[in-house]
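Report on the following structure.
Protein chains: 2
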Amino acid sequence: MKYCSHCGAQVVLKVPPGETLLRFVCEACQTVHYQNPKIVAGCIPEWEDKILLCRRAIEPRLGLWTFPAGFMELDETTEQAAARETLEEAKVEVEIKSLFAVFSLLRVNQVYVIFRGKMRSQDFGVGHESSDVQLFSPTKIPWESLAFPVIHETLERYVEDAGRGRFDVHFGVVQPMKR
Amino acid sequence: MKYCSHCGAQVVLKVPPGETLLRFVCEACQTVHYQNPKIVAGCIPEWEDKILLCRRAIEPRLGLWTFPAGFMELDETTEQAAARETLEEAKVEVEIKSLFAVFSLLRVNQVYVIFRGKMRSQDFGVGHESSDVQLFSPTKIPWESLAFPVIHETLERYVEDAGRGRFDVHFGVVQPMKR
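Quick mapping for you: the protein sequence lines, in order, are chains A and B.
So in this note's numbering, spot 137 of the first sequence is number 137, and the numbers just go up one at a time.
The number in this note's numbering is simply the position in the second sequence, starting from 1, with 1000 added.
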């Protein structure tokens, strides 16, 4: 951030009066420009004992597998965002059944809010951000080809919970990929 | 938003190529300025069978009661944000025990992520955004003097769960205050 989105003057990085953290501040119009983490809403779409995964047709991690997830928009709930992403990426409607996980990703300042969703029909499709969409049983998940650590962590916990027949709600921090 | 925070040119409201929603776009440097909901991290601090509430010393809703909650910052997890707010507003350290609720507030584009926290000691204090801090048993919660609908909704569910001795993880939308 270099310029004030309110008045167009240059901003400076400083600690505003009464605060303790560095912020971008406009000294022309006094606006403090706060920056905050973004929510990625995700859904694990379920059909009988299988789950629906999408192969990414876009960067980053093109060609790798994920469950439907994306940035939450203004004027929607997290559940609506998760269902919308599922419709966009896998062309299927889901009924959001339960919250499954809230994971913080420090390096990228994202918080994943992930739900389990019951597919309203078995007819799914390949959305424009996907190159393939398939149902996987928990024993057939493509562990070596998952797009992000948070996808891996989420599906590991999902498979464990599914195996014992009881789903918890998970939270915590997910570490970035080793490079 | 009137000006591009990247280059200082005026932005326009338009649907970028390949997208479906109106965004603020800079036609000088082509930056798309996405706007997203913000996370408010909250904590219900517990001591034996009581919970800690703070009386707000700041607007909005000055003088009314809330549990510690505030905007999540960059470079922290939701749990760290909830614990930080508790330390700032009620001067007590908590151990985050479990996720309690994820509530979407459409009108203000906020998502509350609320945890239960075990107070590490009975010594709490009055933080600079509070005018009073007190432990309340579930039967003594000041229902008529709570700051926001989301506080009311959360504490209602909390008291219900506490009463039957089993805590669920809640999610959904919280409607704004009737005016």
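Even glycine gets a Cβ: it sits at the ideal position worked out from N, Cα and C.
**Study point:** Own chain residues within Cβ distance below 7 Å of residue 1168 of chain B, not counting five before or after
**Key:** 1161
Review point. So what does DSSP say about residue 1049 of chain B, is it helix, strand or coil?
Key: coil
Review point. Whose CA, out of A:40, A:92 and A:74, lies closest to the CA of residue 102 of chain A?
Key: A:40
Practice item. Report the residue from B:1109, B:1006, B:1052 and B:1047 whose alpha carbon sits nearest the alpha carbon of residue 1071 of chain B. Key: B:1109
Review point. Alpha carbon to alpha carbon, how far is residue 172 of chain A from residue 147 of chain A?
Key: 19 Å
Check your understanding: So which residues on chain B does residue 39 of chain A lean against when the C-beta distance must stay under 8 Å?
Key -> 1036, 1037, 1039 and 1111
**Study point:** Residue environment, residue 1020 of chain B, which counts as buried when at least 16 other CB atoms sit within 10 Å
**Key:** exposed
Review point. Does residue 158 of chain A come within less than 8 Å of chain B when only Cβ atoms are used?
Key: no
Check your understanding: Between the segment 85-95 of chain A and the segment 138-157 of chain A, do three or more beta carbon pairs fall short of 8 Å?
Key -> no
Practice item. Just mark residue 54 of chain A as buried or exposed, buried being the case when its beta carbon has 16 or more other beta carbons within 10 Å. Key: buried
Review point. What span of residues does the beta strand (DSSP E) with residue 117 of chain A cover, start to end?
Key: 110-119
Exercise for review: Run down chain B in chain order and give the residues with a C-beta less than 7 Å from the C-beta of residue 4 of chain A.
Suggested key: 1003
Check your understanding: What is the rounded straight-line gap between the Cα of residue 65 of chain A and the Cα of residue 13 of chain A?
Key -> 39 Å
Point to revise | Between the CA atoms of residue 165 of chain A and residue 1188 of chain B - distance to the nearest angstrom | key: Given that chain B is displayed from residue 1001 to residue 1179, the structure contains no residue 1188 of chain B and the question cannot be resolved.
Check your understanding: Hey, is residue 1070 of chain B's beta-carbon within less than 8 Å of any beta-carbon in chain A?
Key -> no
Exercise for review: Provide the residue span of the alpha helix (DSSP H) that contains residue 1101 of chain B, from first to last.
Suggested key: Residue 1101 of chain B -> not in any alpha helix (DSSP H); beta strand (DSSP E) instead, spanning 1094-1105.
Check your understanding: Would the beta-carbon of residue 73 of chain A fall within 8 Å of that of residue 81 of chain A?
Key -> yes
Practice item. Just grab the DSSP bridge partners of residue 136 of chain A for me. Key: A:51
Practice item. Please check if any C-beta of chain A sits within less than 8 Å of the C-beta of residue 1165 of chain B. Key: no
Check your understanding: Enumerated in chain order, which unbroken segments of the beta strand (DSSP E) with a length of 3 residues or greater are wholly contained in the segment 1058-1095 of chain B?
Key -> 1069-1071
Review point. With DSSP run on the structure shown, which of helix, strand or coil describes residue 1151 of chain B?
Key: helix
Review point. Given that residue 1099 of chain B touches chain C, what residues does it touch there, using C-beta distances under 7 Å?
Key: Absent here is chain C; the protein component of the structure consists of chains A and B.
Practice item. Report the option in A:33, A:79, A:50 and A:123 whose CA atom is closest to the CA atom of residue 5 of chain A. Key: A:33
**Study point:** Alpha-carbon spacing of residue 1017 of chain B relative to residue 43 of chain A, whole angstroms
**Key:** 26 Å
Exercise for review: Use the C-beta contact count for residue 107 of chain A: other C-beta atoms within 10 angstroms, 16 or more gives buried, fewer gives exposed.
Suggested key: exposed
Check your understanding: What did DSSP end up calling residue 163 of chain A once you bin it into helix, strand or coil?
Key -> helix
Point to revise | Which listed residue (B:1163, B:1125, B:1120 and B:1154) has its alpha carbon closest to that of residue 1046 of chain B | key: B:1120
Review point. What three-state label does DSSP hand residue 990 of chain B in the structure shown?
Key: Look at the range of chain B in this structure, 1001 to 1179, and you will see that residue 990 of chain B is not part of it.
Check your understanding: At a Cβ threshold of 8 Å, is residue 66 of chain A touching chain B?
Key -> no
Review point. Which residues, in order along the segment 118-140 of chain A, keep a beta-carbon less than 8 Å from a beta-carbon of chain B?
Key: none
Review point. Can the beta-carbon of residue 8 of chain A be found closer than 8 Å to that of residue 1118 of chain B?
Key: no
Point to revise | Cutoff 8 Å: residue 1007 of chain B Cβ touching any chain A Cβ | key: yes
Review point. Taking just the CA atoms, how far does residue 78 of chain A sit from residue 52 of chain A?
Key: 19 Å
Exercise for review: Under 8 Å by Cβ, that's how I've got residue 111 of chain A and residue 37 of chain A pegged, so tell me the actual separation to the nearest angstrom.
Suggested key: 5 Å
Check your understanding: Measuring CA to CA, which of B:1100, B:1029, B:1123 and B:1131 is closest to residue 1151 of chain B?
Key -> B:1100
Point to revise | Same chain, Cβ closer than 6 Å to residue 1143 of chain B, neighbours up to 5 away in sequence not counted | key: none
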